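Asker: Those letters in the sequence shown? Residues 15 to 85, per my numbering, in order. Just so it is clear, CB atoms sit at the ideal spot from N, CA and C, and this is done for glycine as well. Nothing here was measured: the structure is a model prediction, and the numbers come from that model.
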Amino acid sequence: MIEIIRIIFLLATVAFGGIGLVFFLFGVLGLAFPRENVQYSERELLWMALAGAGDLVAAALLVAGVLSGSV
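(1) Taking the CB atoms as reference points, tell me whether Gly41 and Leu70 lie closer together than 9 Å.
(2) Should the stretch 68-82 be called in touch with the stretch 20-37, which here means at least 3 C-beta pairs below 8 Å?
(3) Use the C-beta contact count for Leu59: other C-beta atoms within 10 angstroms, 16 or more gives buried, fewer gives exposed.
(4) Quick check on this structure: which residue in Met15, Gly83 and Ala67 has the alpha carbon closest to the alpha carbon of Leu35?
(5) Round the Cβ separation of Val80 and Leu43 to the nearest angstrom and send it over; I've been treating them as touching at under 8 Å.
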């Protein structure tokens with residue numbers, strides 16, 4: 015049963031990490047290199063970058079939980 019939970023946690027880590035990386039890069043690159051015909055405002059891009067950073071932190075915490083053996 016513990017192995018199934020570890021697999022679920024690792025899959026969640028991959029999902030959070032992947033989504034977080036995409037959101038973070040999209041937000042940061044959108045803020046760093048603004049374009050004229052983009053539908054997103056600076057505020058929306060900032061929130062995307064922050065949401066991506068939050069997802070990356072969640073993925074790191076999931077990895078730490080799995081590696082420490084608490085899961």
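Answerer: In brief:
(1) Indexing the sequence shown from 1 puts residue 41 at position 27. Indexing the sequence shown from 1 puts residue 70 at position 56. No.
(2) yes
(3) Residue numbering aside, residue 59 sits at position 45 when the sequence shown is read from its first letter. By the 10 Å Cβ count, Leu59 comes out buried.
(4) Numbered from 1 along the sequence shown, position 21 holds the residue referred to as residue 35. Closest by alpha carbon: Ala67.
(5) Translated into positions along the sequence shown, residue 80 becomes position 66. Translated into positions along the sequence shown, residue 43 becomes position 29. The beta-carbon distance between Val80 and Leu43, rounded to whole angstroms, is 30 Å. This is too long to meet the 8 Å contact definition.
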